[in-house]
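Residue numbering for the sequence shown follows UniProt numbering, beginning at 1 and increasing consecutively.
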Amino acid sequence: MNNLNLVALRALRKSKKIKLLEISEALGYKTETGYHNLENGKRRIVAYQLPIIANTMGISIEELCNLLFNAHNLTKYKKDKCAV
């Protein structure tokens, strides 16, 4: 189960008018499908990709992590994992 806020990640990319191909190439993928699969949860985001994504989006790694691991996701995780 993917607890990352991928909807917000996609919304940020679109708001900054960053094309799938641009961010895919920054990550070393040959086609836009590489990053598209990350954004759709079909492929996991790996730690070394975070600074590349943040840099391409024009935000800090901290801002990216806050976006991906927002309070809603953490609250939901705690409720799911701590239910008695």
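Just so it is clear, CB atoms sit at the ideal spot from N, CA and C, and this is done for glycine as well.
Fair warning: this is a prediction, and the values are worked out from it, not measured in the lab.
- Scanning its chain for C-beta atoms nearer than 6 Å, with the 5 sequence neighbours on each side dropped, one finds around I52 the residues A26 and L27, in chain order.
- Along the length of the UniProt domain "HTH cro/C1-type" (9-64), whole alpha helix (DSSP H) runs at least 4 residues long occupy 20-26, 33-39 and 49-57, reported in chain order.
- Around the Cβ of R13, a 10 Å sphere holds 16 or more other Cβ atoms; the residue is buried.
- L4 carries a coil assignment under DSSP once its states are collapsed to helix, strand and coil.
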